[in-house]
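J.: Start counting the sequence shown at 1; every next residue gets the next number (UniProt numbering).
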Amino acid sequence: MNYLANRVANLQPSATKAMTERAHALKLEGKSIISLSQGQPDFDTPPNITKAAIEAVNAGKTRYTPTSGIIELREAIKNKFLSDNQIEYSTSEIIVGTGAKQILFNAFLATLNFADEVIIPTPAWVSYPEMVKLIGGNPIEVYCDRQANYKLTAQQLEHAITPKTRWLVLNSPSNPTGSVYSKAELSALAECIRKYPRIMVLCDDIYEKLIYDNQAFYTLAQIAPDLKDRILTINGVSKAYAMTGWRIGYGAGPKALIKTMSIIQGHSTSNPNSIAQYATLAALTGPQHYLQQFTMAFEKRRNFMFGKLNSLDELDCTLPQGAFYLFVNCEGIFQKTTPQGKKLNNDIDVAFYLLEEFGVGLVPGSAFMAPGHLRLSFAAAESQLEAACERIKLALALLQ
Ligand code: PLP
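1. Specify which residues have a beta carbon nearer than 6 Å to any heavy atom of ligand 1, listing them in chain order.
2. Output yes or no for whether 8 Å exceeds the beta carbon distance between LEU291 and LYS209.
3. How many angstroms separate the CA atom of ASP116 from the CA atom of VAL142?
4. How about ASN310: is its Cβ closer than 7 Å to a heavy atom in ligand 2?
5. Taking the runs of the alpha helix (DSSP H) that are 4 residues or longer, which of them lie wholly in the stretch 46-82?
6. From LYS195 to ASP226, what does the alpha carbon distance come to, in whole angstroms?
7. For ALA395, I'd like the list of residues in its chain whose CB is within less than 7 Å of its CB, leaving aside the five on either flank, ordered along the chain.
8. Three or more C-beta pairs under 8 Å: does that hold for the stretch 81-98 against the stretch 247-266?
9. If I follow the unbroken beta strand (DSSP E) through LEU168, where does it start and stop?
10. Out of GLN340, ASN6, ALA190, LEU312, which has the shortest C-alpha to C-alpha gap to ILE333?
11. Let's see if you can read the secondary structure: which residues bound the alpha helix (DSSP H) around CYS192?
12. Going straight from the alpha carbon of GLY178 to that of VAL328, what length do you get?
13. Leaving out the 5 sequence neighbours to the left and right, which residues in its chain are closer than 7 Å to ALA23 when beta-carbon positions are compared?
14. When we look at the beta-carbon of ARG198 and count the other beta-carbons within 10 Å, is it buried (16 or more) or exposed?
15. Is it buried or exposed for PRO287, if we count other Cβ within 10 angstroms and need 16 for buried?
16. When DSSP builds the beta bridges, which residues end up paired with GLU117?
17. List the residues that DSSP assigns as beta-bridge partners of SER35.
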């Protein structure tokens, strides 16, 4: 008997999670595995944040909270947007959720009618198209070339827009490419968006704080304030504050949208975890010096990995400007044969060869709608990264 709903017929499991779980299973079998497949910092959550959580528990702050999040936290988020991004939001334009993921889900649920289109510049994070499909929308993938540093141009956007377009998704710094949109690039996109009043823009800024080479970060609502009522800006503490497991993300946008998202949230999770909200309050209002420490550590690791992998003839990667992933073109390996006699025809074959035979876990680019690539996270200890590079070098040297 098939008891599953039609809407899940084409639902794909998260490839990132699948690779991580396979790596974990191999580890349990006793194999030496270096897992570079997951998108999370290897640092511990800073102590002032964990202390605030413990204090919240001890103070009995363990009950339901307002659906959109405690007012102190929404005030802190309001201040964050003002000081970091020069965007003025009121607390009624802000919602806190169970990770940025829930905010995205709420937003799509609140706005997409059947077959409404969502433009997703690719390579893109695995979950955007799956969320859109699940809700009955239609993800429109627009492939962005390496020559444009994997970023959407205004011409591409103009070309992709139809009367059914509801959202454009922008993710800067990008998972998986690490590309960062400049002020000029965002301005060019804004000019196009102005012509189509029905289109909303979802800016996923979750990697905002992880940006390298002293580059500036810009988000669309900041550089096109006239479009603010059509923009949902999403952010969170998972990546910047090493808080992936706490599950707190937030969004800011037009009041009516936020109100509807809050009603949806009220019927799904009631409110984000109360203790994690107090921890997030400490993260946003407490000392910020470790953000720089984390970024400096990631930048050093990025430079190391980029140098090592780019020196291999078969691989070709762009230098990521943000986030903590290296996006590597591996087409130079295709058609080669492994010592076990298997021909490597695509990025999935390459990813499995590296995991099964050499214990290096990474994610094939197909998962990010960019076949021919591999995504490696450099949010791991330097010794692990060094060992992974050595293993990859050996794996490639043994191919015929
Ligand atoms: N957006 C992007 C681009 C991500 O890479 C991730 C996590 O991998 C998320 C959103 C979700 O973040 P959160 O942990 O806040 O749900």
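Where is the CB? At the ideal position from N, CA and C, for every residue including glycine.
T.: Concretely, from the data shown:
1. GLY39, GLY99, ALA100, LYS101, TRP125, ASN171, ASN175, ASP204, ILE206, GLY236, SER238, THR244, GLY249
2. Here residue 291 refers to the residue found at position 291 when the sequence shown is read from its first residue. Here residue 209 refers to the residue found at position 209 when the sequence shown is read from its first residue. Going by C-beta atoms, LEU291 is nearer than 8 Å to LYS209.
3. In the sequence shown, counting from the first residue as 1, residue 116 sits at position 116. In the sequence shown, counting from the first residue as 1, residue 142 sits at position 142. If you take the alpha carbons of ASP116 and VAL142, they lie about 16 Å apart.
4. Looking for ligand 2 in the displayed structure turns up nothing; the ligands present are ligand 1.
5. 47-58
6. In the sequence shown, residue 195 corresponds to position 195, counting from 1. In the sequence shown, residue 226 corresponds to position 226, counting from 1. Going by the C-alpha atoms only, they are around 12 Å apart.
7. In the sequence shown, residue 395 corresponds to position 395, counting from 1. Answer for ALA395: TYR353, LEU354, GLU357, PHE358, listed in chain order.
8. yes
9. Taking the first residue of the sequence shown as 1, we reach residue 168 at position 168. Unbroken beta strand (DSSP E) run through LEU168: 165-171.
10. What you label residue 333 is simply residue 333 of the sequence shown in a count that begins at 1. The residue with the shortest Cα to Cα distance from ILE333 is LEU312.
11. Taking the sequence shown and counting its residues from 1, the one referred to as residue 192 is at position 192. Where CYS192 is concerned, the enclosing alpha helix (DSSP H) stretches over 183-194.
12. Stepping through the sequence shown from its first residue, residue 178 is reached at position 178. Stepping through the sequence shown from its first residue, residue 328 is reached at position 328. Answer to the nearest angstrom: the Cα atoms are 11 Å apart.
13. Position 23 of the sequence shown holds residue 23. Contacts found: ILE33, SER35, SER37, LEU355, GLY361.
14. To locate residue 198, count along the sequence shown from 1; it is residue 198. By the neighbour-count rule (16 or more Cβ atoms within 10 Å), ARG198 is not buried but exposed.
15. If you number the sequence shown from 1, residue 287 lands on position 287. Exposed, since its Cβ has fewer than 16 Cβ neighbours within 10 Å.
16. Translated into positions along the sequence shown, residue 117 becomes position 117. Note: GLU117 sits in a beta bridge opposite ASN138, THR165.
17. Within the sequence shown, numbered from 1, the residue matching residue 35 stands at position 35. Paired residue(s): GLY361.
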